[in-house]
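**Student:** Going left to right, the sequence shown walks through residues -23 to -1, 1 to 150 as mature numbering (1 follows the signal peptide of the UniProt record, and there is no 0) numbers them.
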Amino acid sequence: MSIALFLLTFLFPPHTVSSSALALPSTVATLSPRPVAIALPVLPLKKAPKTVSYRVTATTYWPEVGQTDDNPMETADGSIIPRRHSSKTRWLAVSRDLLSKWGGPFKYGEKVRVSGMSDDLDGVYIIHDTMNRRHHHCVDVLVNERECKSGMEGRWSGIQLKKLGPEPVWQAG
């Protein structure tokens, strides 16, 4: 291989080009750049998205084997229901079609506002659990058995479920 390279170099020596041959003509060298107008489309400003609300059917439940799986105190996201829970705990189970895992808008741990049930049950809830697959567009509010039997048990249709946006962070200016 080295003999072939030697013969090629010997038979066809490399040519050198003078620097004057590489120089630009004088007319090109004296040109200066000029500003060029560019038309860019003006896009409208995007407004902050409105918080979307959903109309769902709501029911109440308490953790017992008849209403849940064989481990009633553990929710679908792995949280353990407090022993002394009540409607003030503000935990919510949602149907699968509402969870992002199955294409819905909500995730475990998100805060949602529920309104339209009653003064005692309306408010902000945290999504911790999933309802049985037979339910669609439904939510279940966690209460204790005593509350259900004293009048909080029920089924409400047309309940508004609204995702809460992130809380604003205060910064000193």
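From the three backbone atoms N, C-alpha and C, an ideal C-beta is built for every residue, glycine too.
#1: With C-beta atoms as the reference, is Ala70 less than 9 Å away from Leu17?
#2: What does DSSP give as the partner residue(s) for Arg90 in the beta ladder?
#3: Can Asp54 and Tyr85 be called in contact, C-beta distance under 9 Å?
#4: By the DSSP assignment, the alpha helix (DSSP H) with Thr(-15) in it spans what residues?
#5: How would you write the range of the beta strand (DSSP E) that Ser63 sits in, first residue to last?
#6: Whole angstroms are fine: how far does the CA of Leu20 sit from the CA of Tyr31?
#7: Give, in chain order, every unbroken run of the beta strand (DSSP E) that is at least 3 residues long and sits entirely within the stretch 113 to 138.
#8: Mind checking whether Ser64 and Glu130 have CB atoms under 9 Å apart?
#9: Have a look at Gly80 and Asp74 and give me their C-alpha separation to the nearest angstrom.
#10: For the putative contact between Ile136 and Gly93, defined by C-beta atoms under 8 Å, what is the C-beta separation to the nearest angstrom?
**Tutor:** In this structure, then:
#1: no
#2: According to DSSP, Arg90 shares a beta bridge with Val101 and Lys139.
#3: yes
#4: Ser(-22) to Leu(-13)
#5: Where Ser63 is concerned, there is no enclosing beta strand (DSSP E), given that its DSSP letter is neither H nor E.
#6: 31 Å
#7: 115 to 119
#8: No, these two residues do not count as a Cβ contact at 9 Å.
#9: So the alpha carbons of these two residues sit roughly 7 Å apart.
#10: The beta carbons of Ile136 and Gly93 sit about 4 Å from each other, so the pair counts as a contact at 8 Å.
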